[in-house]
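A short worksheet on the structure shown next.
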Amino acid sequence: MRYDTVVIGGGPAGLAAAIKASENGGSVLLIEREARLGGILKQCIHDGFGVVRFGEKLSGPEYADRFIKELRRTNVQVSLFSFVTDTHKCDDGYSITYVCRDGMHTVQCSSIVLATGCRERTRNNIYIHGDRCAGIYTAGAAQNLVNIMGVMPGKNVVILGSGDIGLIMARRLTLEGAKVLGVYEAKSSPSGLTRNIHQCLRDFDIPLYLSKTVTRVFGTTRLEKVEISDVDEKMRPLAGSEQLVDCDCLVLAVGLIPENEIARDMLVPLDPKTKGAYVDQNCQTKTDGVYACGNALHVNDLVDYVSESGETAGIDCVKPAHKRKLIQINTEGKLLYVVPQLLDVNSDVSRVVMYFRASEELSAQRLTITADGQTIFTKVYNKLLPPEMERITVDFTQAASLRDLTVKLEDK
Ligand SMILES: Cc1cc2nc3c(=O)[nH]c(=O)nc-3n(C[C@H](O)[C@H](O)[C@H](O)COP(=O)(O)OP(=O)(O)OC[C@H]3O[C@@H](n4cnc5c(N)ncnc54)[C@H](O)[C@@H]3O)c2cc1C
0 MRYDTVVIGG GPAGLAAAIK ASENGGSVLL IEREARLGGI LKQCIHDGFG
50 VVRFGEKLSG PEYADRFIKE LRRTNVQVSL FSFVTDTHKC DDGYSITYVC
100 RDGMHTVQCS SIVLATGCRE RTRNNIYIHG DRCAGIYTAG AAQNLVNIMG
150 VMPGKNVVIL GSGDIGLIMA RRLTLEGAKV LGVYEAKSSP SGLTRNIHQC
200 LRDFDIPLYL SKTVTRVFGT TRLEKVEISD VDEKMRPLAG SEQLVDCDCL
250 VLAVGLIPEN EIARDMLVPL DPKTKGAYVD QNCQTKTDGV YACGNALHVN
300 DLVDYVSESG ETAGIDCVKP AHKRKLIQIN TEGKLLYVVP QLLDVNSDVS
350 RVVMYFRASE ELSAQRLTIT ADGQTIFTKV YNKLLPPEME RITVDFTQAA
400 SLRDLTVKLE DK
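In terms of our numbering, the sequence shown has 20 at position 21, counting the first letter as 1, and numbering is strictly consecutive.
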């Protein structure tokens, strides 16, 4: 079998990419390892999805459903329960092998869209010592148990991490009857959105403890208690500050990492700042014909932008291939990262959507984009917070020369 494009991952990014690729005339295969399309949205039953795109507050399944219905109106072929095991370059594109219920299949395609989402950091990633007992879950696993399986992960819960997923799980577990003893955060300020601090913690009297972390867990078969320690400004535990908290469940909401096993296997260059691939404005990686979008590209805070990057990849991946000329976009100042990191000057540069995050909480900042010393974009921000991703649209056609591109963040 041969397709114009194969999209790997049926979450919001993959759905958007497959729909756009098909609408633009491509033959598309969408491969998803789970039983249903929708990705992580299937288990996010709280509302707040789609405000930017639809001007409505949808739940995760409602948001996904809109795209699944749209997908059904296209000719996209969907293969569920299918796991990609091998991808490699062949004479006229790529060869993809996947395993599904009726065996192993190999298909050929001209382009690949990687929309594999992200993984959660686990206990091992953050070096929590102690017993190997039951009752320790990542937030996504706990969310899956409660929202999909209808099973409570514990009764007395400690949550580590004050990002949005940790805050939403604190509220969710409380609503289902658990006692959330506290949300503990190693940083000196909460990581989640301010509205989530109010709506998920304050409204439910759930305490938030800052500059503290879990350093050890205790339990013979089931978790019995955790050791909490204060941390210094570099987030190192302070000896002598340990206190024990009795609990039967520890929920870890300590960050997401773009899932890039396939990209790594294909030797697609990855950006150490985003942990996703380096891409140009069309979401094409440094490897011709391989695209990345959604959380596989960088961890997004709004699903609306996940869909947007999927659409960008989907539109471009079925266009006839052209010789790209990639220019590096440099960063200066307190920027955590900028996506895209590359500009293909042989492609449309008139409406380039760029996403960035500040590396720390900042006030009164000016973002400036220069091309060969000429300022082509500037915007002032009263406040920038690392958890809140910013989006801008830049017209690079104003530049006299598209050399030495720099994005700079500085005090106003
Ligand atoms: C636990 C958790 C909770 C979240 N809660 C929220 C929230 O409340 N609000 C919010 O805006 N965002 C939330 N997010 C962020 C959310 O992930 C994104 O908004 C969005 O779902 C990302 O879309 P995606 O398509 O990039 O990835 P995903 O939704 O993760 O979809 C990726 C898909 O790829 C499939 N896949 C991966 N590898 C393979 C393979 N090798 N072969 C076949 N299929 C594969 C997966 O099964 C999955 O279906 C949460 C994320 C996590 C991890």
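No residue lacks a Cβ here, since even glycine has one placed at the ideal position from N, Cα and C. Keep in mind that this is a model prediction, so the values were computed, not measured.
Determine the contact status of Leu249 and Leu222, defining contact as a CB-CB distance below 8 Å.
Looking up residue 249 in the sequence shown gives position 250. Looking up residue 222 in the sequence shown gives position 223. The answer is yes: Cβ separation under 8 Å.
Closer than 7 Å to a non-hydrogen atom of ligand 1 - does that hold for the CB of Asn294?
Taking the first residue of the sequence shown as 1, we reach residue 294 at position 295. Yes, Cβ of Asn294 sits closer than 7 Å to a heavy atom of ligand 1.
Which same chain residues end up closer than 7 Å to Ala15 when comparing Cβ atoms and leaving out the 5 residues on each side of it in sequence?
For the purposes of this step, residue 15 is identified with residue 16 of the sequence shown, where counting begins at 1. So the list reads Phe66, Ser306, Gly309, Glu310, Gly313, once near-sequence residues are dropped.
Please specify which runs of the alpha helix (DSSP H), each continuous and at least 4 residues long, are wholly inside the segment 148–205, giving them in chain order.
163–174
Per-residue DSSP class, three states only, for Ser26
Working through the sequence shown from its first residue, we reach residue 26 at position 27. Coil.
Any heavy atom of ligand 1 within a distance shorter than 7 Å of the CB on Cys43?
Position 44 of the sequence shown, counted from the first residue, corresponds to residue 43. Indeed, a heavy atom of ligand 1 lies less than 7 Å from the Cβ.
For Asp101 and Pro339, what's the separation of their Cα atoms in angstroms?
Walking along the sequence shown from the start, residue 101 turns up at place 102. Walking along the sequence shown from the start, residue 339 turns up at place 340. Between Asp101 and Pro339, the C-alpha separation is close to 39 Å.
Taking buried to mean at least 16 other C-beta atoms within 10 Å of its own C-beta, is Leu36 buried or exposed?
Against the sequence shown, residue 36 aligns to sequence position 37. Looking at its Cβ environment, which holds 16 or more other Cβ atoms inside 10 Å, Leu36 is buried.
With a threshold of 7 Å, establish whether the CB of Pro236 neighbours any heavy atom of ligand 1.
Stepping through the sequence shown from its first residue, residue 236 is reached at position 237. No.
Measure the alpha-carbon distance for Thr396 versus Val348 and round it to whole angstroms.
For this step, residue 396 is matched to residue 397 along the sequence shown. For this step, residue 348 is matched to residue 349 along the sequence shown. If you take the alpha carbons of Thr396 and Val348, they lie about 6 Å apart.
For the segment 14–34 against the segment 316–329, are there 3 or more C-beta pairs whose distance is under 8 Å?
yes
In the DSSP assignment, the beta strand (DSSP E) including Ala291 goes from what residue to what residue?
One-based indexing of the sequence shown puts residue 291 at position 292. Element bounds for Ala291: 289–291.
For Lys382, which residues in the same chain have their Cβ closer than 6 Å to its Cβ, ignoring the five residues on either side in sequence?
Residue mapping note: residue 382 aligns to position 383 of the sequence shown, counting from 1. Around Lys382: Ser362.
Going by alpha carbons, who is nearest to Val182 out of Asp279, Val225, Cys292, Val145?
Residue numbering aside, residue 182 sits at position 183 when the sequence shown is read from its first letter. When only C-alpha atoms are compared, the closest one is Val225.
Where the alpha helix (DSSP H) containing Pro257 begins and where it ends:
Here the question's residue 257 lines up with position 258 in the sequence shown. Run containing Pro257: none in the alpha helix (DSSP H); it sits in the beta strand (DSSP E), 255–257.
Using 10 angstroms around the beta-carbon of Phe203, count the other beta-carbons present and answer buried if the total reaches 16, otherwise exposed.
If you number the sequence shown from 1, residue 203 lands on position 204. So Phe203 counts as exposed.
Check whether the Cβ of Gly54 lies closer than 7 Å to any heavy atom of ligand 1, and answer yes or no.
Taking the first residue of the sequence shown as position 1, residue 54 is located at position 55. Not so, every heavy atom of ligand 1 lies at least 7 Å from the Cβ.
Taking C-beta to C-beta, are Ile111 and Ile7 nearer than 8 Å?
As a position in the sequence shown, residue 111 is number 112, starting the count at 1. As a position in the sequence shown, residue 7 is number 8, starting the count at 1. Taking 8 Å as the Cβ cut-off, Ile111 and Ile7 qualify as a contacting pair.
Which same chain residues, not among the five before or five after Ser161, have their C-beta less than 7 Å away from its C-beta?
As a first step, residue 161 is located in the sequence shown; it is residue number 162 there, counting from the start. Same-chain partners within the cutoff: Val182, Glu184, Pro189, Ser190, Gly191, Leu207.
In its own chain, which residues sit with a C-beta less than 6 Å from the C-beta of Ile196, not counting the 5 before and 5 after it?
As a first step, residue 196 is located in the sequence shown; it is residue number 197 there, counting from the start. Hits under 6 Å: Pro189.
Could you give the first and the last residue of the continuous alpha helix (DSSP H) run that contains Phe66?
Translated into the one-based positions of the sequence shown, residue 66 becomes position 67. Phe66 -> alpha helix (DSSP H) spans 59–71.
So if DSSP puts Arg390 in a beta bridge, which residue, or which two residues, is it bridged to?
Against the sequence shown, residue 390 aligns to sequence position 391. In the DSSP output, where bridge partners are listed per residue, Arg390 has Tyr354.
Taking Cys425 as part of the alpha helix (DSSP H), name the residues at either end of that continuous run.
It is not possible to answer for residue 425, since the shown part of the chain is limited to 0 through 411.
Hey, would you say the C-beta of Phe66 is under 7 Å away from at least one heavy atom of ligand 1?
Working through the sequence shown from its first residue, we reach residue 66 at position 67. Answer for Phe66: no, Cβ out of range of ligand 1.
Through-space distance from Glu258 to Val393, alpha-carbon basis:
Residue 393 sits at position 394 when you count from the first residue of the sequence shown. Residue 258 sits at position 259 when you count from the first residue of the sequence shown. The straight-line gap from Cα to Cα measures roughly 28 Å.
Give a yes or no on whether the C-beta atoms belonging to Ala262 and Ala114 are separated by under 8 Å.
Start at 1 with the first residue of the sequence shown, and residue 262 comes out as number 263. Start at 1 with the first residue of the sequence shown, and residue 114 comes out as number 115. No, Cβ-Cβ distance for Ala262 and Ala114 is not below 8 Å.
Between the C-alpha atoms of Gly10 and Asn155, what's the straight-line distance to the nearest angstrom?
Translated into the one-based positions of the sequence shown, residue 10 becomes position 11. Translated into the one-based positions of the sequence shown, residue 155 becomes position 156. Whole-angstrom Cα-Cα distance: 32 Å.
If I'm right that Gly254 touches Arg122 with Cβ under 8 Å, what's the distance once you round it to whole angstroms?
Looking up residue 254 in the sequence shown gives position 255. Looking up residue 122 in the sequence shown gives position 123. About 13 Å separates the two Cβ atoms, so there is no contact after all.
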